[in-house]
Amino acid sequence: MIIPDSSLILAVGMLGLLIGSFLNVVAIRVPEGLSVVWPESRCMNCGASLRKLDLVPVLNYCWLRGRARCCGTRISPKYPIYELATALLFGLYASQIGWQSELAPALLFISILVVIVQTDLSRMIIPDKVLLVGAIVIVPIRLFWSHPLPLWNYAAAGVGISALLFAMAIVSNGGIGGGDIKLFLLIGLFLGIASSFMTLIVASILGFAYGLAVRMVRKDRSMKYIPFGPFIALAGIFACLWGERMLIWYRDVVAWAMA
Numbered sequence: 001m002i003i004p005d006s007s008l009i010l011a012v013g014m015l016g017l018l019i020g021s022f023l024n025v026v027a028i029r030v031p032e033g034l035s036v037v038w039p040e041s042r043c044m045n046c047g048a049s050l051r052k053l054d055l056v057p058v059l060n061y062c063w064l065r066g067r068a069r070c071c072g073t074r075i076s077p078k079y080p081i082y083e084l085a086t087a088l089l090f091g092l093y094a095s096q097i098g099w100q101s102e103l104a105p106a107l108l109f110i111s112i113l114v115v116i117v118q119t120d121l122s123r124m125i126i127p128d129k130v131l132l133v134g135a136i137v138i139v140p141i142r143l144f145w146s147h148p149l150p151l152w153n154y155a156a157a158g159v160g161i162s163a164l165l166f167a168m169a170i171v172s173n174g175g176i177g178g179g180d181i182k183l184f185l186l187i188g189l190f191l192g193i194a195s196s197f198m199t200l201i202v203a204s205i206l207g208f209a210y211g212l213a214v215r216m217v218r219k220d221r222s223m224k225y226i227p228f229g230p231f232i233a234l235a236g237i238f239a240c241l242w243g244e245r246m247l248i249w250y251r252d253v254v255a256w257a258m259a
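Start counting the sequence shown at 1; every next residue gets the next number (full-length UniProt numbering).
Below is the structure:
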């Protein structure tokens, strides 16, 4: 069992805070077709340029009590929540594997999925640019840097599961979006067959549970579309963190059900 140094976990967690702040920018700007580096960050209400202190993750939100320094407009708490969530996920992964070759690729993978959770929840889109950047980085990583599984395993997972979702989209008459299919292609290329399969199962369970809960609370049976991307992304993060444990749990449940 790997017991990483606590300083590594802390450092990676702090990195997650900074990356989480940047991911907020990506999730806001990319769907609007804007650059993520230019122009400088501005208040979304009055357009005033933000000070460097205004960009400090989480702490600035708490210090200003959730309001913009320039105009007093209330800032959504989702931004510090995403920053803290990214820091937590980074720290969790570092605590599991320590300083290994899979650390940096996994943190990148988690970052992409965090952005997708944001964009699909807020705008119901999975930006092609985010998926393309992910593919451009992940494919060379798997080819030339780190691939714990045989290369064919990643290729089969990406192509196989995305093809399965494509068939399901046809049968369901658009019940699954093209962004979901492309997202699973990326997940398969990174996680491989077993963890991608678990991602599909967990995402389906989460999506079904959410849809059922919403219909029970709202009593609105006319709701036709629930974004599946956030559940795919969350399940992909879970599989990245606990893929082997999830697979063991699944096998135990199947064995118990068939006994």
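Here a beta-carbon is modelled for each residue, glycine too, at the ideal position from N, C-alpha and C. All of these numbers come straight from a predicted model, not from anything done at the bench.
Determine the burial state of residue i: buried for a count of at least 16 other Cβ atoms within 10 Å of its Cβ, exposed for fewer.
i, result
"GLU83", "buried"
"LEU212", "exposed"
"PHE197", "buried"
"ASN24", "buried"
"PHE190", "buried"
"MET216", "exposed"
"ARG245", "exposed"
"ILE237", "buried"
"PHE144", "exposed"
"ASP5", "exposed"
"ARG142", "buried"
"PHE208", "exposed"
"ILE178", "Per the sequence shown, the amino acid found at residue 178 is Gly instead of Ile. With fewer than 16 other Cβ atoms within 10 Å, it is exposed."
"ILE205", "exposed"
"ALA157", "buried"
"VAL117", "buried"
"ALA255", "exposed"
"LEU214", "In the sequence as displayed, the identity of residue 214 is Val instead of Leu. Result: exposed."
"ILE203", "One detail in the question is off: residue 203 reads as Ala in this sequence, not Ile. Buried, since its Cβ has 16 or more Cβ neighbours within 10 Å."
"ASP180", "buried"
"LEU151", "exposed"
"LEU10", "exposed"
Taking the DSSP output, what are the residues bridged to residue i?
i, result
"SER49", "ARG42"
"ARG74", "ARG67"
Who are the near neighbours of residue i in its chain, counting only those whose CB is closer than 7 Å to its CB and skipping five residues on each side?
i, result
"VAL75", "For clarity, residue 75 is Ile in the given sequence; the question names Val instead. Once the five neighbours on either side are set aside, the close Cβ partners of ILE75 are TYR61, GLY66, ARG67 and ALA68."
"GLU40", "SER49"
"LEU247", "ALA194 and MET198"
"LEU149", "GLY192"
"MET1", "For MET1, the predicted model reports a pLDDT of 47, less than 50, meaning its position is unreliable; a value from the coordinates is still stated below. Answer for MET1: no residue qualifies."
Going by beta carbon distance, what residues of the same chain come within less than 8 Å of residue i, once the five residues before and after it are set aside?
i, result
"CYS46", "ALA68, CYS70, CYS71 and THR73"
"ARG123", "PRO31"
"GLY13", "ALA87, LEU88, PHE90, GLY91 and ALA94"
"LYS182", "ILE126, ASP128, LEU131 and SER162"
"GLN241", "Strictly speaking, residue 241 in this sequence is Leu, with Gln absent from that position. LEU89, LEU92, TYR93 and GLN96, listed in sequence order."
"SER146", "SER101, GLU102 and PRO105"
"GLY175", "MET168 and ALA169"
"ILE138", "PRO105, LEU108, PHE109, LEU186, LEU189 and PHE190"
"VAL159", "LEU185 and GLY188"
"ILE19", "THR86, PHE90, LEU107 and SER111"
"LEU8", "ALA94, GLY98 and TRP99"
Kindly list the residues whose CB is nearer than 6 Å to the CB of residue i, restricted to its own chain and excluding five residues on each side of it in sequence; keep chain order.
i, result
"SER195", "ALA239 and GLY243"
"PRO80", "VAL58 and TYR61"
"ILE226", "GLY211"
"SER21", "PRO57 and GLU83"
"GLY16", "THR86, ALA87 and PHE90"
"residue 262", "Limits of the chain in this structure are 1 at one end and 259 at the other, which puts residue 262 out of reach."
"VAL26", "VAL36 and VAL115"
"TRP249", "none"
"ASP120", "ILE126, PRO227, GLY229 and PRO230"
"ALA155", "none"
Review point. Would you call the region 161 to 174 and the region 126 to 139 in contact, with 3 or more CB pairs under 8 Å?
Key: Taking 8 Å as the limit for Cβ pairs, the verdict is that the region 126 to 139 does not touch the region 161 to 174.
Review point. What are the complete alpha helix (DSSP H) segments, minimum 4 residues, inside the region 159 to 233?
Key: For the region 159 to 233, whole alpha helix (DSSP H) runs of length 4 or above, ordered along the chain, are 178 to 191 and 193 to 218.
Practice item. Pair every Cβ in the region 99 to 118 with every Cβ in the region 226 to 236, then say whether three or more of these pairs are closer than 8 Å. Key: Here the region 99 to 118 makes contact with the region 226 to 236; the two share three or more CB pairs at distances below 8 Å.
Review point. Do the region 18 to 32 and the region 97 to 104 touch if we need at least three Cβ pairs shorter than 8 Å?
Key: Taking 8 Å as the limit for Cβ pairs, the verdict is that the region 97 to 104 does not touch the region 18 to 32.
**Study point:** Contained beta strand (DSSP E) runs [length at least 3] in the region 98 to 132, N- to C-terminal order
**Key:** The region 98 to 132 contains no whole beta strand (DSSP E) run of 3 or more residues.
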